[in-house]
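Engineer: Per the working numbering, the sequence shown starts with residue 4, numbered consecutively.
My structure is below; once you've seen it, I'll send some questions.
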Amino acid sequence: RKGGIFSLNVGQGSSKNWAAGAEKFSFSTSAQLSVFANYREGRFYWNNNLDLGYAIVNTTSLGNRKTDDKIDYFAKLGHDLTKTVSLSGVVNFRSQFTNGFDYTYLGKDTYKRRTSSFMAPGYLILAPGIDWHPVPYFSFFISPISARFVFVTDAWSYYFPGGIIPPADGGGFEKPLATLYGVDPNDKIRMELGGFASANFAKELVKNVTYKSRLDLYSNYLSTYRYTPTGSYQVAKEKLNAKPQNVDVFWTNLISMKVNKFLNVTYNFDLIYDDDVRQFGPNNTSAGTQIRSLLSVGFSAKF
Numbered sequence: 004r005k006g007g008i009f010s011l012n013v014g015q016g017s018s019k020n021w022a023a024g025a026e027k028f029s030f031s032t033s034a035q036l037s038v039f040a041n042y043r044e045g046r047f048y049w050n051n052n053l054d055l056g057y058a059i060v061n062t063t064s065l066g067n068r069k070t071d072d073k074i075d076y077f078a079k080l081g082h083d084l085t086k087t088v089s090l091s092g093v094v095n096f097r098s099q100f101t102n103g104f105d106y107t108y109l110g111k112d113t114y115k116r117r118t119s120s121f122m123a124p125g126y127l128i129l130a131p132g133i134d135w136h137p138v139p140y141f142s143f144f145i146s147p148i149s150a151r152f153v154f155v156t157d158a159w160s161y162y163f164p165g166g167i168i169p170p171a172d173g174g175g176f177e178k179p180l181a182t183l184y185g186v187d188p189n190d191k192i193r194m195e196l197g198g199f200a201s202a203n204f205a206k207e208l209v210k211n212v213t214y215k216s217r218l219d220l221y222s223n224y225l226s227t228y229r230y231t232p233t234g235s236y237q238v239a240k241e242k243l244n245a246k247p248q249n250v251d252v253f254w255t256n257l258i259s260m261k262v263n264k265f266l267n268v269t270y271n272f273d274l275i276y277d278d279d280v281r282q283f284g285p286n287n288t289s290a291g292t293q294i295r296s297l298l299s300v301g302f303s304a305k306f
């Protein structure tokens, strides 16, 4: 069994001599693709799901800025022990397509530092475990021991040459890109061992209204490190105690409402908490809950 949904949405706005204040011109577009392919042979099954999303907005004052960028592949291979319980394994890969930026780097509206790109970061989870699927539209997977890999390409990326901050901007050294995600820039990859759980829900709630959701939880059993820049292309490494109680969260939601054969309303809501991503707070050194939502109306095709 296989299928999917593709949606394409555009929006435009303009103003002239608008006393209340508005952009002279704005244009936005977004595209989303959600596909699945599920195979079964006797007691064996292989379920695949791929979610892709990209959205960009262009305004006269700010230029181009992306508002959505997602690559999320989730696969589950299993063997039924009973009608509702299976031995299974999960593979999950997440990343983004293009560069993301901090548009107010060091508190300056004119400084734009790259904070992400394809495979920076990239996440890969490999997890053997037990899958419980009491009904066709819901499943719950749990793995007491799984591996998670965090990749960061171009690990030493800086805004200033060599990461040397000019005295006029406070002086000192920048954090290399990899350290924003808790990765040693000399290694470009961090491996974790921990517990993993994933709950999946996908169902047509009422006619022409479909809700799809996935909640992933990961608890790292290993010690982590804090990286402090000490020079150009140099960092000091401090080992921290393991904190398995600080659970990483990834929650993605998609509501699709079909108006007619071609018109569709979609709403995406994503929430992430990663204890190793410390880019928030007064000094940009704290972990924080990341939230992204996108409401769009436009063309859609279900296949």
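Virtual Cβ for every residue (Gly too), placed ideally from N, Cα, C.
(1) State buried or exposed for residue 13, treating a residue as buried only when at least 16 other CB atoms are found within 10 Å of its CB.
(2) Which residue spans inside the region 46 to 127 form an unbroken beta strand (DSSP E) run of at least 3?
(3) Quick check: what's the CA-CA separation for residue 64 versus residue 30?
(4) Can residue 221 and residue 187 be called in contact, C-beta distance under 7 Å?
(5) How long is the line joining the alpha carbons of residue 196 and residue 152, rounded to whole angstroms?
(6) According to the Cβ coordinates, are residue 42 and residue 81 closer than 7 Å?
(7) Under three-state DSSP, which class holds residue 32?
(8) With three or more beta-carbon pairs closer than 8 Å as the criterion, would you say the region 130 to 149 touches the region 235 to 243?
(9) Using the three-state DSSP reduction, which class does residue 270 fall into: helix, strand or coil?
(10) To the nearest whole angstrom, what separates the beta carbons of residue 88 and residue 135, a pair I think is in contact under 8 Å?
(11) Answer with buried or exposed for residue 93, where buried requires no fewer than 16 other C-beta atoms within 10 angstroms of its C-beta.
(12) Ends of the beta strand (DSSP E) at residue 264?
(13) Among the residues of its own chain, which have a CB less than 6 Å from the CB of residue 218, if the five just before and after it don't count?
(14) Can the beta-carbon of residue 116 be found closer than 7 Å to that of residue 108?
(15) Considering residue 304, what are the terminal residues of the beta strand (DSSP E) in which it resides?
(16) Would residue 6 be called buried (16 or more neighbouring beta carbons within 10 Å of its own) or exposed?
(17) Helix, strand or coil: how does DSSP classify residue 175 here?
(18) Could you check how far apart the C-beta atoms of residue 185 and residue 279 are, in whole angstroms? I think they sit under 8 Å.
(19) Among all the DSSP beta bridges, which residues are the ones paired with residue 43?
(20) Should residue 154 be labelled buried (16 or more other beta-carbon atoms within 10 Å of its own) or exposed?
(21) Spell out the partners DSSP gives residue 134 in its beta bridges.
(22) Using the Cβ count rule (16 or more neighbours within 10 Å means buried), how would you classify residue 161?
Structural biologist: Walking through what the data contain:
(1) exposed
(2) 47 to 62, 66 to 83, 88 to 98, 103 to 105, 116 to 119, all fully within the region 46 to 127.
(3) 12 Å
(4) no
(5) 9 Å
(6) no
(7) strand
(8) no
(9) strand
(10) 6 Å
(11) By the neighbour-count definition (other C-beta atoms within 10 Å, threshold 16), residue 93 is a buried residue.
(12) Residue 264 -> no beta strand (DSSP E), and no H or E assigned at all.
(13) 202, 254
(14) yes
(15) Taken as a continuous stretch (DSSP letters only), the beta strand (DSSP E) holding residue 304 covers 289 to 305.
(16) exposed
(17) coil
(18) 3 Å
(19) Residue pairing for residue 43: DSSP places it in a beta bridge opposite 48.
(20) buried
(21) Under DSSP, residue 134 takes part in a beta bridge, and its partners are 89, 144.
(22) Within a 10 Å sphere around the beta-carbon of residue 161 sit 16 or more other beta-carbons, which makes this residue buried.
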